[in-house]
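Residue numbers (our numbering): 683 to 1256.
Working notes, beginning with the structure itself.
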DNA sequence: GCCGTTTTCGGCCCGACTGTTTTCAGTCG
């Protein structure tokens, strides 16, 4: 038996699809392998728990046989043949813009291109432009793309696109010919990273608006400029942000918004539903196939209602179970449910504002509770609190909160879990604090066993209420430490310890999929900003969107509780 | 390759844009 897990199987199926694509195989056969991979991904179970893959919709006898080959031998005859036949150096070329399987197949068969280097050479000696279906412009574009290969990240973390988002909102608002506009795409779905920004705008003067768009002062490259679509690249400092604008008549705005919010897989599901009813969905509306009439909708809600569905939130439109479980989406947590923020810093450690400033900022946000959680003494670089300073700070907090009637201010601490698994304060200190957070800021490279001993020590301490940013990842920059999240979730459930969704857009930690698993197994979650300045309190929506992507219900998230219920929870089990 | 409350064969989501053509294939989302 090989020890392949589900992720490996999915990768192997996708590998087959890519090879077949380059081979010029029937597109439906290619997509059959991709669909099989998706079917596995959609299923919650592990490979060991799936006794017969062909029972999954999208996997037939053929692919099931291949999956079983993989499981028993680690490979399969089809993949072996493909690897024999096609150079693996061609696979990364599919990522180049403008190159798909067909063109790569042609480059391979007619010019002997085998990888990026030989493709570059073929362009330089002008062999590419003479191929049928290619030309001078195509050759130039390919050469540029090959030279750019690997220089730019595939996807941008959210903090890298916020400047562009803010700028474009202002810019589009100032264009009088635009009736309404909205940001769609993976940004609207709350993904952790985005490839580009997709703006939908309705206008009666697409030509004029398109001209205005390509002349935006930040535009450094026009990728495409058609009647209804404009693709450009905007440059903000070091970051190049690709942006697509789609222009449409206002009557099609809702369907266009739905279409370009995606995901692609979600759209496929919706179109299959339409097809079964004798209708077809496009970005322009819903067509009745019998009469040819096209129906338009004022809002997305109307569009979904036409298919007897409630409005499905963008965050869960991933082509998974959002159609089947559509009624459940009405119970998902919303930003309006959030009653407070339980993780923030002040000038007492490494924050930029005083306790009073942070309290004022939270009162302005109409929170009913908050916790001040500065760093503990181990974290000297962050001016962590000695026991003596901690006591003074908490005295100050108690004094201040006594005068307030509109917000409950909890005493708190973000306490380090030390490399040896001990905690930074003794129990007699911790026993005086309302909200004790435990987190790891040191010895990131320890092995899983050592790391989990640290986590377990924190969870088992009766005073620890929450584990902050459980994996320590920084999106696009640093993988998390070696945490066994399955085990951590079990520990959290067993010891009644809350797990955090850190709302900082660089973290989003836990991720949506782990938060979903945590909820399924009965863990409690808290969404917090970890603000070090009051502007960072505004990060909360990122955390809520992330939680919605994980299908979190309001009651799973302790920030939605009343202050009394939360305090009771924090104190009753010590 | 998968699938079937009209089908075991003939479909498989739909449309824009580009560059190559001179009516369209390939790519992309």
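Every residue gets a Cβ at the ideal spot worked out from N, C-alpha and C, and that includes glycine.
On a predicted model such as this, the values are computed, not experimentally measured, just so you know.
Under a three-way DSSP split, which group does residue 996 fall into? Residue 996 sits at position 314 when you count from the first residue of the first chain. It is helical.
* Asked: DSSP three-state call for residue 1168: helix, strand or coil?
  -> Locating residue 1168 in the first chain gives position 486, where the first residue counts as 1. Per DSSP, reduced to three states, the secondary structure at residue 1168 is helical.
task = Per DSSP, which residues does residue 896 bridge with? Please list them.
result = Within the first chain, numbered from 1, the residue matching residue 896 stands at position 214. Note: residue 896 sits in no beta bridge, so no partner.
Please report the Cβ distance between residue 650 and residue 875, rounded to the nearest whole angstrom; I am assuming they are in contact, meaning their Cβ atoms lie under 8 Å. The requested residue 650 is not part of the displayed model; the chain covers only 683 to 1256.
#### Entry: Proximity below 9 Å, CB of residue 1115 to CB of residue 1056
Here residue 1115 corresponds to residue number 433 of the first chain, with the count starting at 1. Here residue 1056 corresponds to residue number 374 of the first chain, with the count starting at 1. No, they are not a contact pair.
- Query: How many angstroms separate the CA atom of residue 795 from the CA atom of residue 834?
  - Reply: Along the first chain, read from residue 1 onward, the residue named residue 795 stands at position 113. Along the first chain, read from residue 1 onward, the residue named residue 834 stands at position 152. Taking the straight line joining both Cα atoms gives about 23 Å.
Unbroken alpha helix (DSSP H) run spanning residue 1036, endpoints: On the first chain, position 354 is the one that residue 1036 refers to. Residue 1036 -> no alpha helix (DSSP H), and no H or E assigned at all.
message: Between 889, 902, 1180 and 985, which has its C-alpha nearest residue 920's C-alpha?
response: Position 238 of the first chain, counted from the start, is the residue given in the question as residue 920. Cα-wise, what sits closest to residue 920 is 902.
Worksheet entry | Where residue 1185 falls: helix, strand or coil (DSSP) | As a first step, residue 1185 is located in the first chain; it is residue number 503 there, counting from the start. The answer is coil: DSSP assigns residue 1185 none of H, G, I, E or B.
Just to check my reading of the structure: residue 1020 and residue 1209 have Cβ atoms closer than 8 Å, yes? What is that Cβ distance to the nearest angstrom? Your numbering for residue 1020 matches position 338 in the first chain. Your numbering for residue 1209 matches position 527 in the first chain. With 8 Å as the limit, residue 1020 and residue 1209 qualify as a contact, their Cβ atoms being about 7 Å apart.
- State the beta-bridge partners of residue 925 as determined by DSSP. By 1-based counting over the first chain, the position of residue 925 is 243. According to DSSP, which records beta bridges pairwise, residue 925 is partnered with 879 and 914.
* In chain order, what residues of the same chain lie with their CB nearer than 6 Å to the CB of residue 1130, ignoring the 5 residues before and after it? -> Counting from one through the first chain, the residue named residue 1130 turns up at place 448. Answer for residue 1130: 1164 and 1166, listed in chain order.
Considering only the beta carbon of each residue, do residue 1191 and residue 1152 sit closer than 9 Å?
What you label residue 1191 is simply residue 509 of the first chain in a count that begins at 1. What you label residue 1152 is simply residue 470 of the first chain in a count that begins at 1. Contact: yes.
Q: Helix, strand or coil for residue 702, going by three-state DSSP, please let me know.
A: Along the first chain, one-based indexing puts residue 702 at 20. Correct three-state label for residue 702: helix.
Please name the residue in 899, 955, 1253 and 943 whose C-alpha comes closest to that of residue 1118.
Position 436 of the first chain, counted from the start, is the residue given in the question as residue 1118. Nearest option by C-alpha distance: 1253.
Residue 985 in three-state terms, based on DSSP
Walking along the first chain from the start, residue 985 turns up at place 303. Helix at residue 985.
field: Minimum length 4: unbroken alpha helix (DSSP H) runs contained in the region 1081 to 1147
entry: Counting only runs of 4 or more, we get 1109 to 1112 and 1130 to 1142.
* Asked: Which residues bound the beta strand (DSSP E) around residue 862?
  -> Within the first chain, the letter at position 180 stands for residue 862. Its beta strand (DSSP E) spans residues 860 to 865.
Q: Check whether the region 965 to 984 touches the region 1007 to 1019, counting contact only when three or more Cβ pairs, one atom from each stretch, lie closer than 8 Å.
A: As far as the Cβ criterion goes, the region 965 to 984 does not touch the region 1007 to 1019, which means the pair count is below three.
Report task. Entirely within the region 1002 to 1075 and at least 4 residues each: give me those alpha helix (DSSP H) ranges in chain order. Result -> 1037 to 1046
| task | Could you tell me which of 815, 775, 969 and 895 sits nearest to residue 850, measuring between CA atoms? | result | Sequence index remark: in the first chain, residue 850 carries index 168 (1-based). Closest by alpha carbon: 895.
**Asked** Residues in its own chain within less than 6 Å of residue 1224 by CB, not counting five upstream and five downstream?
**Response** As a first step, residue 1224 is located in the first chain; it is residue number 542 there, counting from the start. For residue 1224, where only same-chain residues beyond five positions count, the Cβ hits under 6 Å are 1185 and 1187.
Item to complete: Would you be able to state if there are at least three C-beta pairs under 8 Å between the region 1035 to 1051 and the region 1079 to 1087?
Response: yes
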